[in-house]
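Here's the structure, in structure tokens; my notes come after.
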């Protein structure tokens with residue numbers, strides 16, 4: 001994996017480390033280190049913000065497959081026959097409303113280069 005110096009990062013970059021529950025900008029990280037926080041012991045990475053989105057069709061597919069283990073042969077085909085696009089759309093609308101906030105949908109991936117604290 002590539003590496004980048006903290007001093008070379010733009011201040012709008014997001015930084016974090018494995019198992020952290022927060023992100024910081026390069027400026028915030030420098031300030032927190034200067035303030036005496038013990039943050040240099042971690043391996044920092046450039047992070048990217050992600051957003052999880054529920055998928056009604058996938059959720060129903062997985063549910064039917066789990067239930068099929070306890071049912072009779074070809075039951076899954078009959079279950080799929082019962083579901084029309086309008087059903088998926090209605091369920092998707094409910095899921096979209098339920099998960100409309102950032103509370104459980106926003107997360108960060110440590111998919112950027114490792115940050116060298118300089």
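Residue numbers (full-length UniProt numbering): 1 to 118. No residue lacks a Cβ here, since even glycine has one placed at the ideal position from N, Cα and C. Being a predicted model, the structure only gives us computed values, none of them experimental.
Hey, out of 24, 90, 29 and 33, whose CA is closest to residue 55's CA?
90
Can you check whether the CB of residue 12 is closer than 8 Å to the CB of residue 25?
yes
Look at the alpha carbon of residue 116 and the alpha carbon of residue 41, and state the distance between them as a whole number of angstroms.
11 Å
Whole-Å CB distance - residue 18 paired with residue 110, under 8 Å assumed
7 Å
Please report the residue range of the alpha helix (DSSP H) in which residue 59 lies.
56 to 68
Local conformation of residue 79 per DSSP, three classes:
helix
Measure the C-alpha to C-alpha separation of residue 52 and residue 102 and round it to an integer number of angstroms.
9 Å
Going by the beta-carbon positions, is the gap between residue 76 and residue 62 smaller than 8 Å?
no
Considering Cα atoms alone, identify which of 36, 38, 67 and 4 is closest to residue 47.
4
Are residue 39 and residue 29 touching if we call contact CB-CB under 8 Å?
yes
Reduced DSSP category for residue 37 - H, G, I as helix; E, B as strand; rest coil
coil
In this structure, how does DSSP classify residue 95 when only helix, strand and coil are distinguished?
helix
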